[in-house]
Amino acid sequence: MSEAFLYKAWYVAAWPSEVTRTPLRRVFLEQPVMLYRREDGRPVALADSCPHRFVPLSRGSLVGDEIVCCYHGLRFNPDGACTLNPHGDGTIPAVAKVRAYPLAESQGLIWIWMGAAADADPRTIPVLSIPHFPALDDADAYAAVGGRLSIAANYELITDNLLDLSHVQFLHPGLRVANPRVTRHEMKQEGNAITSYFWRDEGQVNGLLKLMGWPADRPVDSRAHMHWQPPALMTLDVGVTDVGRPVAEGMSAPSLHLLTPESRERTHYFFAFLRTVGKDDAALTEKVRVLGLQAFEQEDKPVIEAQQMNLGEAEIMSLGPALLAPDAAGVRARRVLRGLIEAQRVEAGSV
Ligand code: FES
Ligand SMILES: [Fe+2]
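Position in the sequence shown (first residue = 1) + 382 = the working numbering.
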């Protein structure tokens, strides 16, 4: 086990549409995993390494619900048990088995449990709730446009980026709130969850809300509240109202920011923009997708990757960084996560 990761946790493995009858290789927490669907549609996750010569099983082919290794034909069922050895007298060696990872589908995502399978309980899958928005399991109630980026940076640097949205004003011209009269920031912790609040009062509406039809000709109060729960699951409540009006009278444009470490230096970033406004408008969905990708792929990704290059193997806090007021939430999230990882280490008896 590496102390870079929390293992007793559900992580996002894929969007449901990514997992098909063609095996998909994906690395989580430095472990190669193969994802596919059984004939009845239920998803499967197996270690993507054949116990014979350690070739990725995802290079093989499915026969019914089983995977046949491309190299010498060992066959494995969805539990990871070897069911066929086409060599010699056909005896199956005791070590010819692969790890099966628990999976669950919830809230429009496929989740994977990276700890011991016996500890996996789907009732502990984190609930991604967004204020003033339908439950995410109610897929008919909203439109979602999402994707996945692979970012060459440690996941905690991306958490820092998302919990400190002061950077939006500098890095994201399409999402910034121009000329706010007042900017306020606050951070709150409840249990292991942290929310980083940004308010910008009496400014101009940003590009995303404008796309969604909010008029650009009058000042608005804007909010961007990022909610974090361990290990790195974030939901963003973004919206505007006319100045001084309650949230219920305004417009919301929330988004999901769900990070799964691939390794210490690379991260799967699952994102989605959600809306109830014009939810059947395909042209609007496309415009939102382009705007979102501009921000995440063209603006955040290169900066965070360059930051990681500068840091090399150093952990950022060990370098004594200058800390600014909006860093409070990111610093607190690191502390919560370190506490959970330390508890895991003690529990594993590796003290
Ligand atoms: S490497 Fe898979 S059967 Fe030989
Ligand atoms: Fe950003």
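Where is the CB? At the ideal position from N, CA and C, for every residue including glycine.
| Check | Outcome |
| --- | --- |
| Pairwise C-alpha distance: residue 444 and residue 450 | 6 Å |
| Cβ contact check for the stretch 601-615 and the stretch 584-593: 3 or more pairs under 8 Å | yes |
| Stretch pair the stretch 513-530 + the stretch 657-667: three plus CB contacts closer than 8 Å | yes |
| Under the three-state DSSP convention, the category residue 406 falls into | strand |
| Under 8 Å between C-beta atoms of residue 544 and residue 480 | no |
| Bounding residues of the alpha helix (DSSP H) (the contiguous stretch that carries residue 724) | 710-729 |
| Close beta carbons around residue 720, own chain, < 7 Å, minus the five adjacent residues each side | none |
| Selection from 401, 531, 436 and 636 that minimises the alpha carbon distance to residue 424 | 401 |
| Where residue 386 falls: helix, strand or coil (DSSP) | coil |
| Separation of residue 729 from residue 611, as counted between CA atoms | 21 Å |
| beta-carbon residue 554 near ligand 2 non-hydrogen atom, thresh 7 Å | yes |
| Check whether residue 515 and residue 634 have beta carbons under 8 Å apart | yes |
| Where residue 670 falls: helix, strand or coil (DSSP) | helix |
| Start and end residues, alpha helix (DSSP H) containing residue 371 | This structure gives no information on residue 371, because the portion of the chain shown stretches from 383 to 733. |
| Alpha carbon of residue 622 to alpha carbon of residue 559, nearest angstrom | 10 Å |
| For residue 649 and residue 733, the rounded distance between their alpha carbons | No answer about residue 733 holds up, because its pLDDT of 45 lies below 50 and its placement is not dependable. |
| Cβ distance (whole Å) where residue 385 is taken to contact residue 723 below 8 Å | 6 Å |
| DSSP state of residue 511 mapped onto helix, strand, coil | coil |
| Cα-Cα separation between residue 577 and residue 496, rounded to whole angstroms | 25 Å |
| Segment limits, beta strand (DSSP E) that includes residue 589 | Premise fails: residue 589 lies in the alpha helix (DSSP H), 589-593, not in any beta strand (DSSP E). |
| Near ligand 2: residue 620 beta-carbon under 7 Å from a heavy atom | no |
| Helix, strand or coil at residue 545 [DSSP, three-state] | helix |
| Residue range of the beta strand (DSSP E) that includes residue 571 | 564-572 |
| Extent of the continuous alpha helix (DSSP H) to which residue 551 belongs | 550-553 |
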